[in-house]
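Per my numbering, residue 191 is the first one in the sequence shown, and the count goes up by one each step. Below: one structure, written as structure tokens.
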Amino acid sequence: MSSNQVALSGAIRWTDVLGNTHPVREATVEIRDRHDGADTLVSTVRTDQAGRYTAVFDNTDSSGDGSRRDIFIRAIADGQTYSVENSEGTVYSFDSATLSNLSDGQHVLDLAI
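In structure tokens:
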């Protein structure tokens, strides 16, 4: 991996009413750069059958001030053969914690919902 790049990977799992966790399969994962106001979409990938995802992207903050990105993921419940919606038809999504001023290299960001 070259300098100024990040390889972000992780797993997304959901918890049933009995407390058991399961992989979130085929979900859209948006890698986003957090800003006051509007966040910036950096990359979009999908989880595999085990709920894992991987994305590689440059680490230049989109604010233009030369800093590093403040990354979080947004998991969207919209697989290729399903979607999970509320009664108004809005697809559910869940945001992770933010990794602030992310260093170059490999990072893991899991999400439990």
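Just so you know, even glycine gets a beta-carbon here, dropped at the ideal spot from N, CA and C.
I'd like to know if the segment 238-252 and the segment 268-288 are in contact, where contact means that at least 3 CB-CB pairs between them fall below 8 Å.
No: fewer than three Cβ pairs fall under 8 Å.
Which value, in whole angstroms, describes the spacing of the CA atoms of aspartate 300 and valine 235?
Within the sequence shown, the letter at position 110 stands for residue 300. Within the sequence shown, the letter at position 45 stands for residue 235. C-alpha separation (whole angstroms): 14 Å.
The ligand NAD heavy atoms versus the CB of alanine 245: any closer than 7 Å?
The ligand NAD is absent from the structure shown, which contains no ligands of any kind.
Only counting the same chain, and skipping five residues up and downstream in sequence, which positions put a Cβ closer than 6 Å to that of tryptophan 204?
The residue given as residue 204 occupies position 14 in the sequence shown. Within the same chain, tryptophan 204 has close Cβ partners His212, Val214 and Ile303.
Can you list, in chain order, the residues of its chain whose CB lies under 8 Å from that of asparagine 194, leaving out five sequence neighbours each side?
As a first step, residue 194 is located in the sequence shown; it is residue number 4 there, counting from the start. Correct list, in chain order: Asp248, Asn249, Thr250 and Asp294.
Strictly by DSSP, which residues pair up with valine 234?
Counted from its first residue, the sequence shown places residue 234 at position 44. Position check: residue 234 holds threonine in this sequence, whereas valine was assumed. Per DSSP, Glu220.
Beta-carbon within less than 7 Å of aspartate 229's beta-carbon, same chain only, minus the 5 sequence neighbours each way: which residues are those?
Looking up residue 229 in the sequence shown gives position 39. Cβ neighbours of aspartate 229 beyond the five flanking positions: Arg222 and Asp223.
Among residues of its own chain, excluding the 5 on either side of glycine 241, which ones have a beta-carbon nearer than 7 Å to its beta-carbon?
Here residue 241 corresponds to residue number 51 of the sequence shown, with the count starting at 1. Ala201, Ile202, Arg203, Pro213, Val214 and Arg215, listed in sequence order.
Short check: CB of threonine 244 to CB of serine 199, under 8 Å?
The count along the sequence shown starts at 1 and reaches residue 244 at position 54. The count along the sequence shown starts at 1 and reaches residue 199 at position 9. Yes, they are a contact pair.
Thinking threonine 218 and isoleucine 266 are a contact (beta carbons under 8 Å), I'd like their distance in whole angstroms, please.
Here the question's residue 218 lines up with position 28 in the sequence shown. Here the question's residue 266 lines up with position 76 in the sequence shown. Yes, threonine 218 and isoleucine 266 are in contact; Cβ-Cβ is about 4 Å, under 8 Å.
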